[in-house]
DNA sequence: CTGTTAGCGCTTTCAT
DNA sequence: ATGAAAGCGCTAACAG
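Residue numbers (this note's numbering), protein chains in the order written: chain Z, 372 to 702; chain H, 372 to 702.
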């Protein structure tokens with residue numbers, strides 16, 4: 372493996388000083404067209420490229436990089452979030468390095484990124500202790516989660532308010548018996564079963580009923596479809612369904628069509644996430660939209676605030692974003 | 372904006388040498404537990420975090436970063452590609468910095484990334500000249516495209532072979548009259564109309580017919596649906612359809628169901644891309660799969676080869692990956 | 001165990 | 001228009 376070409380090699384080869392090489396490469400003026408062209412030519416011949424670390428080390432204008440941890444690239448919610456984040460970050464002058472929790476060890480990914488970013492943002496599956504260890508002192512902005520340790524900041528989504536509003540609106544639309552399709556994930560995730568927050572809020576705000584009409588399914592379109600069939604079979608009187616997320620809700624709507632159940636005529640179906648995809652299907656899927664624009668904007672507000680103090684800020688910063696009800700066709 | 376805390380500040384405050392501070396922070400041994408703890412404490416108090424550029428400048432173990440340019444985060448093909456790339460890159464020890472063409476100026480994004488990566492990979496919409504300018508000498512691996520300039524490498528997908536095979540297979544399955552739904556994008560993209568490669572290959576291999584049964588639509592589920600209706604109205608004898616991509620194919624399948632057209636009984640529908648989403652719908656969508664695993668693996672093979680020569684390699688490297696026919700239910 | 005000495009590769013002064 | 005000097009902040013190598 373050939374040793375890397377440095378500015379000195381170019382300077383020597385071109386018979387000029389290092390500074391002249393710098394001038395040529397950075398359009399700095401104070402250099403004749405002739406020498407500039409000659410230096411650039413020699414550079415190209417030698418295959419010289421400035422070392423990015425040396426360059427940034429000495430440059431006064433420190434740039435800021437954020438490590439974005441994306442939950443999963445196979446869930447549109449996360450990819451839409453990532454896309455929104457990338458766009459907003461670029462506008463604010465942040466570099467983004469991404470990693471995904473699903474690609475191997477999250478710990479390894481975070482530890483590696485820790486050497487190259489000023490800040491972490493994202494959805495982490497590590498425990499607070501593991502995460503604290505892995506980030507090596509670099510501040511973290513948790514998305515849709517909360518941790519009060521020093522160095523941890525967060526943007527939360529007030530899903531409780533969203534579900535409360537949704538339940539009230541559905542009631543006003545004439546729904547008499549609410550059902551819910553929950554994710555089966557929380558069952559697998561922890562040894563001791565703990566209901567998802569969505570389920571807790573549903574139970575808190577659903578109309579009074581003899582027994583809660585809840586079934587669980589996998590977090591996919593197919594899972595949503597199966598769950599909808601199960602729900603209809605077990606609780607035929609249900610005329611409104613809150614679904615864990617939009618992918619499952621799309622599956623439920625499809626299953627309803629196959630079953631000959633009219634949507635929203637006989638049953639109103641409401642998802643959670645606000646996926647663009649929900650607009651592409653017929654009928655379009657109504658949803659409690661977790662506003663990704665607002666989410667990433669809040670995260671970057673925190674990022675800017677931290678950067679302003681050179682990341683020496685000690686107090687935890689928190690934001691809350693409100694979900695928006697997106698009434699499309701299915702509810 | 373407070374000046375950033377450096378290793379010297381910590382050393383002074385803790386009453387030790389810089390080297391001892393380094394030892395404490397990097398678990399290097401040769402340091403007593405007591406001093407280590409004390410140094411770490413002082414560091415935390417001062418809010419010290421090692422400068423990542425200085426660290427990487429001096430570290431012998433140069434790490435490699437690749438800039439991934441993702442076409443669009445609203446197209447599952449690209450996000451699945453990005454996910455696969457992230458996973459593969461992590462395994463091979465590459466850092467990934469991402470940008471998206473849709474987020475503002477592609478030129479600006481590339482120029483900014485150029486200061487921080489050793490290599491570019493991705494789908495670019497810039498012209499060869501603009502791109503050459505923007506990357507500032509950093510090598511580029513083009514995905515699904517080709518450019519023979521020095522410093523440009525590529526991974527191509529042999530779509531022609533894929534479409535040839537698909538046409539033959541469809542014929543063997545009894546299809547008599549092939550139709551195609553093309554993207555309307557190429558019409559908008561260039562002032563002078565040029566058919567998409569998919570269309571050219573379709574026309575090359577479709578069964579002999581009096582006139583080509585081709586309609587165009589937007590690159591979305593809805594666009595695919597509309598196009599399918601138009602196709603059926605104009606060419607009622609068509610019993611096999613090649614669709615520009617899977618999102619459109621899914622829309623076409625849905626439209627067929629609404630129309631009461633049996634899939635694949637009356638009409639066989641075949642998409643392009645190999646989206647996972649095509650497996651989640653009913654009927655599942657058959658497709659010419661553009662193998663993302665193979666695509667990113669080839670790109671990273673090239674990346675490794677370039678890295679091995681410290682990116683001084685001059686000859687253009689090229690790979691070709693073959694599409695795979697994924698027979699699911701719709702064809 | 002701890003400190004000293006070099007030097008990574010580049011850009012910024014400031015001379016000439 | 002060009003060159004010389006002086007560091008950026010950190011870690012490797014060697015002292016003690």
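Ideal Cβ placement from N, Cα and C applies to all residues, glycine included.
Checklist entry - For the stretch 611-690 of chain H, which segments carrying the alpha helix (DSSP H) assignment without a break, of at least 4 residues, lie completely within its bounds, in sequence order? => result Counting whole runs of 4 or more residues, the stretch 611-690 of chain H contains the alpha helix (DSSP H) stretches 617-630, 663-679.
Item to check | Residue of Z:510, Z:592, Z:555 minimising C-alpha distance to residue 673 (chain Z) | outcome: To locate residue 673 (chain Z), count along the first chain from 1; it is residue 302. Nearest C-alpha to residue 673 (chain Z) among Z:510, Z:592, Z:555: Z:510.
Next on the checklist: Three or more C-beta pairs under 8 Å: does that hold for the stretch 521-533 of chain Z against the stretch 591-610 of chain Z?
Outcome noted: Cβ pair count under 8 Å is below three, so no.
Item to check | Neighbouring residues, chain H, relative to residue 509 (chain Z) (Cβ below 7 Å) | outcome: Sequence index remark: in the first chain, residue 509 (chain Z) carries index 138 (1-based). Against residue 509 (chain Z), the close residues of chain H are 420, in the order they occur along the chain (beta-carbon pairs closer than 7 Å).
Checklist entry - Cβ atoms of residue 656 (chain Z) and residue 617 (chain Z): under 7 Å apart, would you say? => result Working through the first chain from its first residue, we reach residue 617 (chain Z) at position 246. Working through the first chain from its first residue, we reach residue 656 (chain Z) at position 285. For the 7 Å CB-CB criterion, residue 617 (chain Z) and residue 656 (chain Z) form a contact.
Checklist entry - How big is the Cα-Cα spacing for residue 326 (chain Z) and residue 683 (chain H)? => result Nothing can be reported for residue 326 (chain Z): it is not among the residues displayed for chain Z, which extend from 372 to 702.
Checklist entry - Rounded to the nearest angstrom, how far is the Cβ of residue 444 (chain H) from that of residue 473 (chain H), given a contact under 8 Å? => result On the second chain, residue 444 (chain H) is found 73 positions in, with the first residue counted as 1. On the second chain, residue 473 (chain H) is found 102 positions in, with the first residue counted as 1. With 8 Å as the limit, residue 444 (chain H) and residue 473 (chain H) qualify as a contact, their Cβ atoms being about 7 Å apart.
Next on the checklist: Between residue 427 (chain H) and chain Z, is any beta-carbon pair separated by less than 7 Å?
Outcome noted: Residue 427 (chain H) sits at position 56 when you count from the first residue of the second chain. Taking Cβ atoms only, chain Z reaches closer than 7 Å to residue 427 (chain H), which makes this a yes.
Next on the checklist: Using CA atoms only, rank isn't needed, just tell me which of Z:641, Z:496, Z:698 is closest to residue 442 (chain Z).
Outcome noted: Residue numbering aside, residue 442 (chain Z) sits at position 71 when the first chain is read from its first letter. Measuring from the Cα of residue 442 (chain Z), the nearest candidate turns out to be Z:496.
Item to check | C-alpha distance - residue 639 (chain Z) paired with residue 626 (chain Z), whole-angstrom precision | outcome: In the first chain, residue 639 (chain Z) corresponds to position 268, counting from 1. In the first chain, residue 626 (chain Z) corresponds to position 255, counting from 1. Distance between residue 639 (chain Z) and residue 626 (chain Z), taken at the CA atoms: about 13 Å.
Next on the checklist: So residue 613 (chain Z) and residue 645 (chain Z) are supposed to be a Cβ contact under 8 Å. How far apart are they, rounded?
Outcome noted: By 1-based counting over the first chain, the position of residue 613 (chain Z) is 242. By 1-based counting over the first chain, the position of residue 645 (chain Z) is 274. With a Cβ gap of about 14 Å, residue 613 (chain Z) and residue 645 (chain Z) do not count as contacting.
Checklist entry - According to DSSP, is residue 380 (chain Z) helix, strand or coil? => result Stepping through the first chain from its first residue, residue 380 (chain Z) is reached at position 9. In the structure shown, residue 380 (chain Z) sits in a helix (DSSP, three-state: H, G or I).
Checklist entry - From which residue to which residue does the alpha helix (DSSP H) around residue 449 (chain H) run? => result In the second chain, counting from the first residue as 1, residue 449 (chain H) sits at position 78. For residue 449 (chain H), the uninterrupted alpha helix (DSSP H) run begins and ends at 447-462, by DSSP.
Checklist entry - Any chance the stretch 409-421 of chain H sits against the stretch 374-391 of chain H, with 3 or more Cβ pairs inside 8 Å? => result In short, these stretches touch, since the Cβ pair count reaches three.
Checklist entry - Where do the ends of the beta strand (DSSP E) carrying residue 574 (chain Z) lie? => result Working through the first chain from its first residue, we reach residue 574 (chain Z) at position 203. No beta strand (DSSP E) holds residue 574 (chain Z); the alpha helix (DSSP H) holding it covers 568-576.
Item to check | Under 7 Å by beta carbon: chain Z residues contacting residue 424 (chain H) | outcome: Residue 424 (chain H) sits at position 53 when you count from the first residue of the second chain. Those within 7 Å of residue 424 (chain H) in chain Z are 424, 427, 428.
Checklist entry - Using a Cβ cut-off of 9 Å, which residues of the stretch 666-686 of chain Z contact any Cβ in chain H, in chain order? => result Answer in chain order: 678, 679, 680, 681, 682, 683, 684, 685.
Item to check | Chain-ordered chain Z contacts of residue 487 (chain H) [CB-CB under 7 Å] | outcome: Position 116 of the second chain, counted from the first residue, corresponds to residue 487 (chain H). Within chain Z, the residues 423, 466 have their CB atoms less than 7 Å from the CB of residue 487 (chain H), given in chain order.
Item to check | Bounding residues of the alpha helix (DSSP H) (the contiguous stretch that carries residue 494 (chain Z)) | outcome: By 1-based counting over the first chain, the position of residue 494 (chain Z) is 123. Careful: residue 494 (chain Z) lies outside any alpha helix (DSSP H) and carries neither H nor E.
Checklist entry - What residue range is occupied by the uninterrupted beta strand (DSSP E) comprising residue 466 (chain H)? => result Start at 1 with the first residue of the second chain, and residue 466 (chain H) comes out as number 95. Its beta strand (DSSP E) spans residues 465-471.
Next on the checklist: Can you confirm whether residue 599 (chain Z), when its beta carbon is compared against all beta carbons of chain H, has any partner nearer than 7 Å?
Outcome noted: Your numbering for residue 599 (chain Z) matches position 228 in the first chain. No, its Cβ sits nowhere closer than 7 Å to a Cβ of chain H.
Checklist entry - Which term fits residue 397 (chain H), buried or exposed, when burial requires 16 or more other beta carbons within 10 angstroms of its beta carbon? => result Translated into positions along the second chain, residue 397 (chain H) becomes position 26. Under this definition residue 397 (chain H) is an exposed residue.
Checklist entry - Are the C-beta of residue 450 (chain H) and some C-beta of chain Z separated by less than 7 Å? => result If you number the second chain from 1, residue 450 (chain H) lands on position 79. True, the Cβ-Cβ gap to chain Z drops below 7 Å.
Next on the checklist: Which of the three DSSP states is assigned to residue 423 (chain Z) in this structure?
Outcome noted: Taking the first chain and counting its residues from 1, one reaches residue 423 (chain Z) at position 52. Here DSSP, grouped into helix, strand and coil, assigns residue 423 (chain Z) to helix.
Checklist entry - Which of the three DSSP states, helix, strand or coil, is assigned to residue 527 (chain H)? => result As a first step, residue 527 (chain H) must be located in the second chain, where it is residue number 156. DSSP places residue 527 (chain H) in strand when its eight states are reduced to three.
Checklist entry - If you drop the 5 nearest sequence neighbours on each side, which residues of the same chain put their C-beta closer than 7 Å to that of residue 402 (chain H)? => result In the second chain, counting from the first residue as 1, residue 402 (chain H) sits at position 31. Excluding residues within five positions, the ones whose Cβ falls inside 7 Å are 391, 394, 395.
Checklist entry - Are any of the Cβ atoms in chain H nearer than 7 Å to that of residue 619 (chain Z)? => result Along the first chain, one-based indexing puts residue 619 (chain Z) at 248. Closer than 7 Å: no.
Checklist entry - Counting Cβ pairs closer than 8 Å, one from the stretch 481-488 of chain Z and one from the stretch 499-515 of chain H, do we hit at least three? => result Too few Cβ pairs lie closer than 8 Å, so no.
Next on the checklist: Considering only DSSP beta bridges, list what residue 550 (chain H) is partnered with.
Outcome noted: Indexing the second chain from 1 puts residue 550 (chain H) at position 179. DSSP output for residue 550 (chain H) lists H:584, H:612 as bridge partner(s).
Next on the checklist: Quick check on residue 517 (chain Z): does DSSP put it in helix, strand or coil?
Outcome noted: Within the first chain, residue 517 (chain Z) is the residue found at index 146, counting from 1. If DSSP states are grouped into helix, strand and coil, residue 517 (chain Z) belongs with coil.
Item to check | Secondary structure of residue 440 (chain H), DSSP reduced to three states | outcome: As a first step, residue 440 (chain H) is located in the second chain; it is residue number 69 there, counting from the start. Residue state for residue 440 (chain H) is assigned as strand, using DSSP reduced to three classes.
Checklist entry - In chain order, what residues of the stretch 570-596 of chain H put their CB closer than 9 Å to some CB of chain Z? => result Within the stretch 570-596 of chain H, the qualifying residues are 591, 592, 593, 596.
Checklist entry - Can you tell which of H:534, H:592, H:636 has its C-alpha closest to the C-alpha of residue 609 (chain H)? => result Against the second chain, residue 609 (chain H) aligns to sequence position 238. Across the set H:534, H:592, H:636, the C-alpha of H:636 shows the shortest separation from the C-alpha of residue 609 (chain H).
Checklist entry - Between residue 461 (chain H) and chain Z, is there a C-beta pair that is closer than 7 Å? => result In the second chain, residue 461 (chain H) corresponds to position 90, counting from 1. True, the Cβ-Cβ gap to chain Z drops below 7 Å.
Next on the checklist: Measuring only the C-alpha atoms, how far is residue 541 (chain Z) from residue 583 (chain Z)?
Outcome noted: Within the first chain, residue 541 (chain Z) is the residue found at index 170, counting from 1. Within the first chain, residue 583 (chain Z) is the residue found at index 212, counting from 1. Going from the Cα of residue 541 (chain Z) to the Cα of residue 583 (chain Z) covers about 16 Å.
Checklist entry - With a Cβ-Cβ cutoff of 7 Å, do residue 694 (chain H) and residue 454 (chain H) count as a contact? => result Locating residue 694 (chain H) in the second chain gives position 323, where the first residue counts as 1. Locating residue 454 (chain H) in the second chain gives position 83, where the first residue counts as 1. With respect to residue 454 (chain H), residue 694 (chain H) sits apart: the two C-beta atoms are not nearer than 7 Å.
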